[in-house]
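Number 69 in the UniProt record's numbering belongs to position 69 of the sequence shown; there are no gaps in the numbering. Read the structure below first, then the notes.
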Amino acid sequence: MGLATAVYGRIERGYMTPSLLSLMRLCAVLELDANALLGFTSSTPLPWLVSEPAPAHARPAVSRLRPLLQRLPRQQVLALANLADCMLPTPETRDPGEPQGTEDS
1 MGLATAVYGR IERGYMTPSL LSLMRLCAVL ELDANALLGF TSSTPLPWLV
51 SEPAPAHARP AVSRLRPLLQ RLPRQQVLAL ANLADCMLPT PETRDPGEPQ
101 GTEDS
């Protein structure tokens, strides 16, 4: 598997966390799911692994963005989230006559 014997011992005793690649190799050799090795043995999926279906009234522009966001690396998604947050009007800059959340594009 490419790991020194001492490394196996440190991982087993909890003194070291395996890299993602090492974890994947361990899973393959032991024929186990990573969730089992990491102690996630609940019969219900973890909340962050369950994708919620888009509501029927979802805006088309948001629906088009979703598959694009899923293909981006995490850092780029975070950068886009920060950008979107900066684009939102603050109470100080919001036009009092502007309706909130009704624009679709």
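Where a beta carbon is used, it is the ideal one built from N, C-alpha and C, also for glycine.
Inset, instruction - Tell me whether residue 43 sits in a helix, a strand or coil according to DSSP, three-state version. - result: coil
Legend entry - Coarse secondary structure for residue 15, derived from DSSP in three states: coil
Legend entry - Own chain, CB closer than 8 Å to residue 41, minus 5 neighbours either side, in chain order: 35
Inset, instruction - Determine, using beta carbons only, whether residue 1 and residue 20 come nearer to each other than 9 Å. - result: no
Legend entry - Range of the contiguous alpha helix (DSSP H) that encloses residue 22: 20 to 30
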